[in-house]
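**Q** The opening residue of the sequence shown carries number 7 in my numbering; numbering runs sequentially from there.
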Amino acid sequence: MSSQLVAAVQMRTGPDLDANLARARILTEEAARRGAALVVLPEVFAWRGPRADESAAATPIPGRVSDFLCRLAADLAVVLVGGSFLERAAEGGKSYNTSLLIAPDGTILGRYRKIHLFDVDVPGEVSVRESETRAYGRDVVAVPTTLGTIGLSICYDLRFPELYRRLSASGATIVTVPSAFTFYTGAAHWEPLLRARAIENQCYVIAPNQAGKSPHGFRDYGHSMIVDPWGTVVAHASDGEQVIVAELDPDRIARVRREMPCQLHAVLAR
């Protein structure tokens, strides 16, 4: 398997669905023009507004947002991780925070629903209670692709290393972490957590974040990153909307795992 370029798309998403989808297309097209074979959008890339409006904003699968993602992947012939968006749940009035993995022909390869919901009083900012409007996911999702096995996760999942061990045990060589990390938590924890997950599991971590002022009243951290299996940050965004690109080298994964065979030495994880 040869090296390929991968991209993380950093956005500033608001409550205008049409504008958000148009912006996502522009930025994904930029990533494709720069040669990316895999493009990852951020968490809640399609719509982000008041919690009270989430039920109305959620869409089914298939539906408008999933159809948009499938067309986008097919138009650009890229593997696309559709960040996440609100998927209408079957009952209860809540929605799933869902990430789709889509093949270059527009076929949906995998669907991950966020397992760990962010119910936190962010110091100095606001209180967030995702579980009031969102349903918990249950399944760990890792999908073989032409680029390697891709493990799906979303934002707050990053703080739970056992999920990434499960993804690694399922063969993941690439992990995606579309996020909307706050500035307060991101400034302290974003990079250390991303590098730790990459080092622990000896995989690439692709983590696009939201940037700017969120509709919920707090500031998003930005600073999207791509981290290699040794824990080296190989691409790093700043604060605004932008696309970052880095090389994904399968030989790098094999070399790191050969030189530091942690997965063979694991005892408690067996």
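Yeah, the Cβ is synthetic: ideal placement off N, Cα and C, and Gly gets one too.
1) Give the range of the alpha helix (DSSP H) segment to which His242 is assigned.
2) Could you tell me how far apart the beta carbons of Trp213 and Val183 are, in whole angstroms, since I believe they sit closer than 8 Å?
3) Please report the straight-line C-alpha distance between Ala252 and Ala204, rounded to a whole angstrom.
4) Can you give the beta carbon distance from Val146 to Leu169, rounded, assuming they're within the 8 Å contact cut?
5) Going residue by residue through the region 63–116, where are the continuous beta strand (DSSP E) segments of at least 3 residues, counting only ones entirely within it?
6) Could you tell me the alpha carbon to alpha carbon distance between Arg119 and Asp257, rounded to whole angstroms?
7) Should the region 80–91 be regarded as contacting the region 34–45, the criterion being three or more beta carbon pairs within less than 8 Å?
8) Nearest to Val211 by alpha carbon, out of Ile180, Trp196 and Leu107?
9) Over what stretch of residues does the alpha helix (DSSP H) that includes Gln269 continue unbroken?
10) Can you give the beta carbon distance from Ile121 to Asp163, rounded, assuming they're within the 8 Å contact cut?
11) Determine whether the beta carbon atoms of Phe6 and Gly89 lie at a separation below 7 Å.
**A** A quick look at the data gives this:
1) Taken as a continuous stretch (DSSP letters only), His242 belongs to no alpha helix (DSSP H), being part of the beta strand (DSSP E) at Val239 to His242.
2) It is worth fixing the name first, because residue 213 is Ala in this sequence and not Trp. Correct: roughly 4 Å between the Cβ atoms.
3) 15 Å
4) Taking C-beta atoms under 8 Å as the contact rule, Val146 and Leu169 qualify, at a distance of about 7 Å.
5) 85–87, 91–94 and 101–108
6) 31 Å
7) yes
8) Ile180
9) For Gln269, the uninterrupted alpha helix (DSSP H) run begins and ends at Cys268 to His271, by DSSP.
10) 6 Å
11) No answer is possible for residue 6: the residues shown for the chain start at 7 and end at 276.
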